[in-house]
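Residue numbers (our numbering): 17 to 272.
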């Protein structure tokens, strides 16, 4: 085969498709065999969430290891029992290899669920100081937030920093969840509540009237101690429904 001199196509009635015919320099015709292609279909892996309720964006903020991701998983578990969400395990939310290896949230994670009154887009923010930029990215799209504070620690550096950033970004409605009450005595829990109210007032929030729920995200996730577990989570969501106003959306404008 010394070279190509021409390329033309002809219609094959039997195959019902044009085939390429190549004329070689010696005058012979070379026609490649017809190759059939099977159409490949792609289906979305994630089912579209039906939104027939007002939508609100919220998220969990607070110090590292205070239980933000555990609470997020507990919310989906409790709501899944009522067919209002798809249950997500802790490992499903912190699913990056480094997050699993270190046991902390690094990237923001997004999940969806609904209550009786609203549909929520929930952002689980990292609490570690090294990943504060990721936390800002997640907070910027929130209409309200859930501040998670461990009863065993009280307010910590990232508790203060997250409140400050939330205020600067414009997240003015925050509900507090005092977590890990099963690991602290009642007096300690009361002191933490007083400390958080003072801190929020200092940061420009309505610390005297902010809703504060006490419970254990781990108990809710494991189905133990309903009073501080599942019942506390449902009480938290009820307060979020009431305290965080439904945002107004400009539905008649582009770039929604």
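We treat Cβ as the ideally placed atom computed from N, Cα and C, and that holds for glycine.
Under DSSP, the beta-bridge partners assigned to residue 140 are 76, 125.
The DSSP-derived three-state label of residue 187 is coil. Its Cα nearest to that of residue 226, the residue 258 stands out among 241, 240, 258.
For residue 230, there is no enclosing alpha helix (DSSP H); the residue is part of the beta strand (DSSP E) that begins and ends at 228-230. Residue burial is scored here from C-beta neighbours: residue 180 has fewer than 16 other C-beta atoms within 10 angstroms and is therefore classed as exposed. It is roughly 28 angstroms from the alpha-carbon of residue 92 to the alpha-carbon of residue 222. Closest in alpha carbon position to residue 230, among 250, 220, 218, is 250. In this structure residue 168 touches residue 196 by the C-beta definition: roughly 5 angstroms separates them, less than 8 angstroms.
CA-to-CA, the gap between residue 130 and residue 82 works out to about 24 angstroms. In this structure, residue 74 places its C-beta atom within 9 angstroms of the C-beta atom of residue 161.
In this chain, the beta strand (DSSP E) harbouring residue 161 covers 161-166. Restricted to the stretch 197-231, the alpha helix (DSSP H) segments that are unbroken, complete and at least 4 residues in length are 202-218, listed in chain order. The Cβ neighbour count for residue 201, taken over all protein chains shown within 10 Å, is under 16; the residue is labelled exposed. Put simply, the backbone Cα of residue 172 is about 21 angstroms away from that of residue 139. Under the criterion of beta carbons closer than 8 angstroms, residue 89 and residue 105 qualify as touching, at roughly 6 angstroms. If you draw a straight line from the Cα of residue 245 to the Cα of residue 210, it comes to about 22 angstroms.
Secondary structure of residue 194 (DSSP, three-state): strand. By DSSP's assignment, residue 130 forms a beta bridge with 135. Taken through DSSP and simplified to helix, strand or coil, residue 178 comes out as helix.
With a cutoff of 9 angstroms on beta-carbon distance, residue 215 and residue 78 are scored as not near each other. Around the Cβ of residue 199, a 10 Å sphere holds fewer than 16 other Cβ atoms; the residue is exposed. The continuous stretches of alpha helix (DSSP H) do not include residue 264, and DSSP gives it neither H nor E.
The residues 236, 246, 249, 250, in chain order, have a CB closer than 7 angstroms to that of residue 94 in the same chain once the five nearest residues on each side in sequence are set aside.
Note that the C-beta distance between residue 182 and residue 204 is not below 9 angstroms. Looking from the CA of residue 190, the closest CA among 71, 76, 69 belongs to 76.
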